[in-house]
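A.B. asks:
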Amino acid sequence: FSNRRDIFKVNMVKNQTSLDDEFEYFLRNVRCCNQLTNVLPLSETSFRQASCISVLYLPYDNRCMMLQRVHNCHDIIGYFNYFEIMYCFFHVHDKITELCVSFLCLAIAIIFLLLMSIVVDSYFLPVLKILSVRLRMNESVAGATLLVFGASCPNLVANMLPIRQGSAMFASTIADSVVTVLLCGGLICYMKPFKMDGFVVVRDLLFFWLAVELLRYLMFYNMHMSRTDSLILLSVYALYLVIILADLWLMRRSIRKLQNEITAMEKQSITEERNRKLRSKIMALKNLLQNDHISIRHSTLQPRDPDLQQPLGIHLALSTLNQAKAESVDYNATRTILHSKSNSKNSRLWSDFLESLNPIDATNWRLAGRCERIYIMLKCPMRLLVTILVPVVDYELYKHGWSKLLNCTQIVTNPFFVITAVHMKVQNRYSSWYTDTNVRYSKWSLCLTVPLAIIAFFHTRTDLPPPYHFLFIVLTTSSSLVIIVICTSEIDVLLLIVGIVCNMSEHFVNITFGCIGNALVNLLASYSMTIQGYEKMAFTAVFASPFFNTVVTMGIVFLHNKKVLEPGSASWLNGEHGDNCYIFISITIVTTLWWLLILNFNTRRSAAIFSWSIFLVFLLYAAAVEWDLVHEMGKDEYYPPI
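Going left to right, the sequence shown walks through residues 8 to 649 as the numbering used here numbers them.
1) Identify, in the order they occur along the chain, each residue of the same chain with its Cβ nearer than 8 Å to the Cβ of G585, setting aside the five sequence neighbours on each side.
2) By how many angstroms is the C-alpha of Y130 removed from the C-alpha of V397?
3) Going along the chain, which residues of its own chain have a beta-carbon closer than 7 Å to the beta-carbon of L502, five neighbours each way excluded?
4) According to DSSP, simplified to helix, strand and coil, what is R655?
5) Enumerate in chain order the residues of its own chain whose CB-to-CB distance from F87 is below 8 Å, with the five nearest sequence positions on each side excluded.
6) By Cβ distance, which residues of its chain are closer than 8 Å to T560, with the 5 residues on each side in sequence left out?
7) For H346, count neighbouring C-beta atoms within 10 Å of its own C-beta (all shown protein chains included) and say buried if the count is 16 or more, exposed if not.
8) Which of the three DSSP states, helix, strand or coil, is assigned to R141?
9) Residue range of the alpha helix (DSSP H) that T610 falls in?
10) From this set, I563, L636 and L392, which residue's C-alpha is nearest I239's C-alpha?
11) In the DSSP assignment, what are the bridge partners of Y441?
12) What does the alpha-carbon distance come out to for the pair I269 and D299?
13) In whole angstroms, give me the CA-to-CA distance for F424 and L455.
14) Does the segment 224 to 240 come close enough to the segment 611 to 629 that 3 or more CB-CB pairs lie under 8 Å?
15) How is the alpha helix (DSSP H) around D499 delimited, first residue to last?
16) For my contact list, G575 and H514 are in at a C-beta cut-off of 8 Å; report their separation, rounded to the angstrom.
17) Could you give the DSSP three-state label for K202: helix, strand or coil?
18) With a floor of 4 residues, list each alpha helix (DSSP H) that falls wholly inside the segment 244 to 306, ordered by position along the chain.
19) Let me check understanding here. Comparing Cα to Cα, which of L482, L626, A545 and F110 lies closest to C509?
20) Are the beta-carbon atoms of M272 and L285 separated by less than 7 Å?
21) Using a Cβ-Cβ cutoff of less than 8 Å, which residues in the same chain neighbour L364 once the five nearest sequence positions on both sides are dropped?
22) Output the distance between the C-alpha atoms of L213 and G193, rounded to the nearest integer angstrom.
23) Would you tell me roughly how many angstroms separate the C-alpha atoms of I621 and Y382, rounded to the nearest one?
24) In whole angstroms, what is the alpha-carbon distance linking A245 and T370?
25) Measure the Cβ-Cβ separation of I592 and V219 and say whether it is below 7 Å.
26) Does the segment 341 to 361 come within contact of the segment 462 to 470, defined as at least 3 CB pairs closer than 8 Å?
27) Pick helix, strand or coil for S354, following the three-state DSSP scheme.
28) Between V188, V140, R141 and L63, which has its C-alpha nearest P553's C-alpha?
29) Just how far apart, CA to CA, sit I493 and L138?
30) From C387 to M431, what does the alpha carbon distance come to, in whole angstroms?
31) Compute the Euclidean distance between the alpha carbons of T420 and M72, then round it to the nearest angstrom.
32) Starting from S5, trace the alpha helix (DSSP H) in both directions and tell me its first and last residue.
33) What does a CB cutoff of less than 8 Å around D101 pick up in its chain, not counting 5 residues either side in sequence?
34) Can you list, in chain order, the residues of its chain with a C-beta nearer than 7 Å to that of V99? Leave out the 5 residues immediately preceding and following it.
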């Protein structure tokens with residue numbers, strides 16, 4: 008079996024035969040045309056080397072059996088075997104039914120998207136802000152490290168899965184970068200006008216450009232990757248971290264120096280020259296202090312007029328456009344606001360537990376319209392599931408989200424869920440249409456977590472989070488990342504199925520639907536952070552995230568993937584659309600730098616529309632290449648005559 012249908016086109020050109028003849032020859036070779044039961048069985052090696060994508064081109068009657076026996080079909084799927092559901096459970100035997108089931112797959116992908124949006128907005132981002140405050144980061148450093156790692160972690164895991172080992176990873180990574188810069192960057196510019204830190208944006212943009220050129224040079228220098236090449240890529244990110252941390256240190260050193268100079272100048276005699284210099288230094292100090300640290304701000308939007316029938320999206324865009332920076336949260340006050348020494352340790356224990364499990368916010372429900380209430384109800388089951396498993400740690404909430412009974416149960420359930428989910432993915436065994444549940448390792452976590460939960464229950468209060476509530480961040484972060492990775496990988500497989508069913512090539516699906524699916528985490532994070540007033544952090548991640556994927560993700564994946572060490576691997580790493588993606592990312596970087604300089608690093612909605620226009624051109628050109636309307640930007644493969 009071939010990984011691409013294009014091999015049949017190549018054979019057709021070389022042998023001057025029709026595409027149908029090539030398929031017939033292909034089917035005869037695998038002994039699965041019509042009399043499958045009357046021929047000798049295929050060897051185990053054939054099933055081990057076969058590609059699951061190619062099975063989807065076989066006759067419908069033979070797909071169920073082949074999907075169950077081809078090893079690759081178990082490697083490329085996630086926690087659910089969608090191929091077996093389609094062709095063995097639903098017994099798809101015609102194109103119409105296949106299209107209907109593919110739309111069902113699309114609906115499932117939307118469900119995973121909603122689940123991921125809940126986790127990102129309500130669990131992951133609050134933890135990210137708390138870590139940024141605790142580590143004394145500013146917005147640019149937090150965006151270039153914590154936010155980038157959280158948003159890129161699913162892509163790193165996805166590229167290490169068996170489904171990606173022989174795929175065009177260079178084309179996919181560069182296409183991901185095009186989507187992130189144009190789509191996410193355009194969204195931030197459209198939602199909120201602000202003044203960027205010019206040197207930070209240019210630094211990240213140039214580092215990203217360097218990473219793209221370096222990766223392409225290393226890949227095509229010897230037409231394959233090596234261990235040394237991977238280490239070179241990783242060292243570039245290490246250099247980047249040194250530079251951004253040194254920049255933060257130098258800025259704070261300048262702040263201390265200006266403060267000392269202002270203190271000394273205030274003791275001098277009052278003159279016109281002294282006042283002019285003092286005002287200049289105070290203004291410089293004020294500008295530096297704005298970027299010195301990050302504070303936790305109230306993210307709750309002002310309520311709308313319920314009588315005004317205005318769509319939620321328009322309201323959010325207009326409100327963020329007009330409102331000033333939200334006030335900072337006094338997180339010490341939100342921690343102790345409900346505490347009273349006269350209360351018992353278990354006051355309102357069960358009512359607090361039930362209120363924490365309630366998936367519907369009463370205020371949002373009252374202010375929501377009909378469509379929004381339907382949307383809230385659709386998210387209720389997923390929000391309830393996440394609430395049971397993942398603890399909330401949010402300094403904006405009363406008691407920082409502490410719920411004594413719920414959090415004590417999560418000490419037990421959260422590690423059990425995380426270990427089980429990771430073990431199931433690593434084990435990758437299927438006896439039916441879903442992966443086998445294995446609690447071989449996770450059951451031993453109960454020996455540690457159950458005593459800890461009992462101790463926490465007798466030690467803590469209901470009206471005050473314990474001093475060690477900060478440690479729940481470990482549980483929240485690990486479980487959030489696991490859920491995000493699960494959702495991203497499932498969406499990736501579902502979109503691939505939909506694309507193949509719609510007669511799209513695997514390469515086209517990867518650089519369009521696949522890349523948009525991979526960018527959803529960035530898109531959700533950019534939207535939420537901009538809404539909450541952290542637009543500088545979000546915009547920093549727009550360039551830092553593609554840079555991370557280009558050097559760190561590719562560096563780790565190339566160390567892990569032995570196939571890239573083979574001579575000539577650069578050809579399939581680049582893929583059919585690799586040169587197209589490289590040209591468009593170069594256009595994206597140059598035009599982004601161009602409008603940043605023209606607008607003096609101020610965001611405008613016109614810049615957003617311009618970015619989205621380039622993204623639309625990228626999609627149109629990829630579609631034109633897919634439909635053979637234009638030639639791809641690359642060299643044709645040369646096949647010597649037989």
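Beta carbons are placed, not taken as given, at the ideal position from N, Cα and C, and that holds for glycine.
Since this is a predicted model, take the numbers as computed values, not measurements.
C.D. replies: So, from the listed chains and residues:
1) Within its own chain, the residues whose Cβ lies closer than 8 Å to the Cβ of G585, once the five positions on either side in sequence are excluded, are A175, F177, A178, I181 and G641, listed in chain order.
2) Rounded to the nearest whole angstrom, the C-alpha separation of V397 and Y130 is 8 Å.
3) Excluding residues up to 5 positions away in sequence, A116, V516, F520, G521 and G524 lie with their Cβ nearer than 7 Å to the Cβ of L502 in the same chain.
4) The structure shown does not extend to residue 655, since the chain spans only 8 to 649, so no value can be given for it.
5) Taking F87 as the centre and dropping the five residues before and after it, the same chain places the C-beta of W440, Y441, T442 and E497 closer than 8 Å to its C-beta, in chain order.
6) Closer than 8 Å at Cβ, skipping near neighbours: S159, N162, L163, N166 and T180.
7) Exposed is the call here.
8) Looking at R141 - three-state DSSP - the assignment turns out to be helix.
9) For T610, there is no enclosing alpha helix (DSSP H), as DSSP gives it neither H nor E.
10) Closest option to I239, Cα to Cα, is I563.
11) DSSP lists F87 as partners of Y441.
12) Cα to Cα, the separation comes out at about 18 Å.
13) C-alpha separation (whole angstroms): 14 Å.
14) Note that the segment 611 to 629 does not touch the segment 224 to 240; fewer than 3 beta-carbon pairs, one per stretch, sit closer than 8 Å.
15) F479 to V508 is the extent of the alpha helix (DSSP H) around D499.
16) The beta-carbon separation of G575 and H514, rounded to 18 Å, does not stay under the 8 Å limit for a contact.
17) Residue state, collapsed to three classes: strand.
18) Whole alpha helix (DSSP H) segments, 4+ residues: 279 to 297.
19) Taking only the C-alpha atoms, the option nearest C509 is F110.
20) Contact: yes.
21) Excluding residues up to 5 positions away in sequence, L391, T394, I395 and L413 lie with their Cβ nearer than 8 Å to the Cβ of L364 in the same chain.
22) Rounded to the nearest angstrom, the two C-alpha atoms are 19 Å apart.
23) If you take the alpha carbons of I621 and Y382, they lie about 32 Å apart.
24) A straight line joining the alpha-carbon of A245 with that of T370 spans about 46 Å.
25) Yes, they are a contact pair.
26) Contact between the segment 341 to 361 and the segment 462 to 470 is present, because at least three Cβ pairs lie under 8 Å.
27) It is coil, neither helix nor strand.
28) The shortest C-alpha separation from P553 is found at V188.
29) L138 has its alpha-carbon roughly 24 Å from the corresponding atom of I493.
30) Their backbone Cα atoms lie some 26 Å apart in a straight line.
31) When rounded, the distance between both Cα atoms is 38 Å.
32) This structure does not reach residue 5, given that the chain is present from 8 up to 649, and the question cannot be answered.
33) The beta carbon of D101 is closer than 8 Å to those of Y67 in its chain, skipping five residues each way along the sequence.
34) By the criterion of a C-beta distance shorter than 7 Å, V99 is surrounded in its chain by Y67, M93, E105 and V108, once the five residues flanking it on both sides are discounted.
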